[in-house]
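Q:
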Amino acid sequence: MEYEKVSALTDIQKKEIEQLIERVHEFDGSKKDPYLNNQFNYYPQMPSFFLARSAGELVGFVMLYADGNYTESVDVFMVVAPQNRHQKIGTKLWQNAHRVLREFGYQKWEFIAEKGFLDSNPNFLNNKNLIADPEPEYQMRLDRGKQEFEDTRTDLAIRLLESEDVSKVVPIYTESFPESSAKEAVTYLTKGLADIANENFVLIYDKEIVGCCSVDISKENEYYLYGIFIAKKYRNQGFAYNFIIKVINWLNNENSYRRICLLAVDGSNSIAMRLYKSIGFEVETEVYYLYET
1 MEYEKVSALT DIQKKEIEQL IERVHEFDGS KKDPYLNNQF NYYPQMPSFF LARSAGELVG
61 FVMLYADGNY TESVDVFMVV APQNRHQKIG TKLWQNAHRV LREFGYQKWE FIAEKGFLDS
121 NPNFLNNKNL IADPEPEYQM RLDRGKQEFE DTRTDLAIRL LESEDVSKVV PIYTESFPES
181 SAKEAVTYLT KGLADIANEN FVLIYDKEIV GCCSVDISKE NEYYLYGIFI AKKYRNQGFA
241 YNFIIKVINW LNNENSYRRI CLLAVDGSNS IAMRLYKSIG FEVETEVYYL YET
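Mapped onto the UniProt record's numbering, the consecutive letters of the sequence shown carry residue numbers 1 to 293.
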């Protein structure tokens, strides 16, 4: 067994990982894909991807999503090929990743697992001394056939985010995500702008920017919507609903074919859940964050 760690993935490595995850999804009935980019990690030089190979074939993978400094928690995504489980591959991968986390000062981390996997492996949590956060995150999906939207809000408009917009968006960002500093908001927005695999939109009302939404367009058959936020004084007025349908309409008009749309929402955010369901999104999977006892 060969193990390696890298801070950034090549296109070939990404393809290998995607193929491995596809096999794991088919076996486990899982749905959530990892984010195969380190651009939002706080320490860009930190190895974030750990690979295990058997006779040259990728059979295991760990990703560390660490967008905060060493005082914050890290998300750990791990998969092992079904035919290579119970061979301590996951254990070794985690040992390698854990060593890197400690080298960079991290002391908190959470593992990502889906409800289907936990239901199929009822002893997993006890065997690994893990506890699941009681509140899940929901991954929601909007199929291609449910993307016929009538745009009735002519007073609202969208356009792509530009570098000159960042300073105007930062106050809305920190208002929406109070745990983030203005510096973190600038980093998040500028890195998103620089990524060719992202489309970043702003919502315009009365000639002012009142919202922002990012879309990962890196996959051929899906759009992943994230970082959706609206200025506080314009919430609960239909702005978010119309923003999202305008973004989806824009994406569909700019491309020759439709893609499924995905997004994630915290289980405690009932307002967002109702919003996404009203658009046509349906829960695809429940994601749980696991922490060590």
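Note that beta-carbon positions come from the ideal geometry of N, C-alpha and C, so glycine has one too.
Please work out which residues of its chain come closer than 7 Å, Cβ to Cβ, to Glu4, disregarding the five sequence neighbours upstream and downstream, and give them in chain order.
A: Leu51
Q: Anyone know if the C-beta pair for Asp165 and Val202 falls short of 7 Å?
A: yes
Q: Which stretch, first to last residue, makes up the alpha helix (DSSP H) that contains Met46?
A: That residue, Met46, is in no alpha helix (DSSP H); it is neither H nor E in DSSP.
Q: On the criterion of 16 or more Cβ atoms from any shown chain inside 10 Å, does Arg99 qualify as buried, or is it exposed?
A: Burial call: exposed.
Q: Please classify Tyr276 as buried or exposed, where buried requires at least 16 neighbouring CB atoms within 10 angstroms.
A: buried
Q: Distance, Cα to Cα, Pro34 vs Ile279?
A: Computed Cα separation, rounded: 25 Å.
Q: What is the rounded straight-line gap between the Cα of Glu179 and the Cα of Ala81?
A: Taking the Cα positions, Glu179 is about 37 Å away from Ala81.
Q: Tell me which residues share the same chain as Asn38 and place their Cβ nearer than 7 Å to its Cβ, disregarding the 5 neighbours each side in the sequence.
A: Ser7, Ala8, Pro44 and Ser48
Q: State the DSSP-derived secondary structure class of Arg141, mapped to helix, strand or coil.
A: strand
Q: How should Thr285 be labelled, buried or exposed, when 16 other C-beta atoms within 10 angstroms of its C-beta is the threshold for buried?
A: With 16 or more other Cβ atoms from the protein chains shown falling within 10 Å of its own Cβ, Thr285 counts as buried.
Q: Quick check on Glu184 - is its C-beta less than 7 Å from some C-beta in chain B?
A: Given the protein chain composition of this structure (a single chain), no chain B is represented.
Q: From what residue to what residue does the alpha helix (DSSP H) around Tyr241 run?
A: Phe239 to Glu254
Q: Is there contact between the region 187-195 and the region 236-252, where contact requires at least three CB pairs shorter than 8 Å?
A: no
Q: Is there contact here, the region 181-188 with the region 134-148, by at least three beta-carbon pairs under 8 Å?
A: no
Q: Would you list the residues sitting across from Ala157 in a DSSP beta bridge?
A: Ile204
Q: What does the Cβ neighbour count give for Ser30, buried or exposed, with the cut at 16 atoms within 10 Å?
A: buried
Q: Does the contact criterion of 3 or more C-beta pairs under 8 Å hold for the region 112-121 versus the region 244-259?
A: no
Q: Just how far apart, CA to CA, sit Tyr241 and Leu161?
A: 19 Å
Q: Taking only runs of the beta strand (DSSP E) that begin and end inside the UniProt domain "N-acetyltransferase" (7-165), which ones reach a length of at least 3 residues, in chain order?
A: Whole beta strand (DSSP E) segments, 3+ residues: 49-54, 57-65, 73-80, 108-114, 130-132, 137-142 and 156-160.
Q: Counting C-beta neighbours from all protein chains within 10 Å, is the total for Glu26 16 or more, i.e. buried, or is it exposed?
A: exposed
Q: Quick check: what's the CA-CA separation for Asn269 versus Ala97?
A: 31 Å
Q: Please state whether DSSP places Ala264 in a helix, a strand or coil.
A: Ala264 sits in a strand when the DSSP states are folded into three classes.
Q: Looking only at its own chain, which residues have a Cβ that is under 6 Å from the Cβ of Gln87, when we skip the five neighbours before and after it?
A: none
Q: State the CB to CB distance for the pair residue 299 and Met1, rounded to an integer number of angstroms; the pair is presumed to be in contact (CB under 8 Å).
A: Residue 299 lies beyond the residue range present for the chain, which begins at 1 and ends at 293; the question has no answer from this structure.
Q: Quick one: is Arg259 buried, meaning 16 or more other Cβ sit within 10 Å of its Cβ, or exposed?
A: buried
Q: Given this structure, state the Cα-to-Cα distance separating Ile131 from Phe77, to the nearest angstrom.
A: Rounded to whole angstroms, Ile131 to Phe77 spans 16 Å at the Cα level.
Q: Indicate the three-state DSSP secondary structure (helix, strand or coil) for Lys5 in the structure shown.
A: strand
Q: Assuming Tyr205 contacts Asp133 under a Cβ cut-off of 8 Å, what Cβ separation, rounded to an integer in Å, is found between them?
A: Their Cβ separation, rounded to whole angstroms, is 36 Å, which puts Tyr205 and Asp133 out of contact at 8 Å.
Q: Determine the direct distance from the alpha carbon of Arg159 to that of Tyr257, and round the result to whole angstroms.
A: 20 Å
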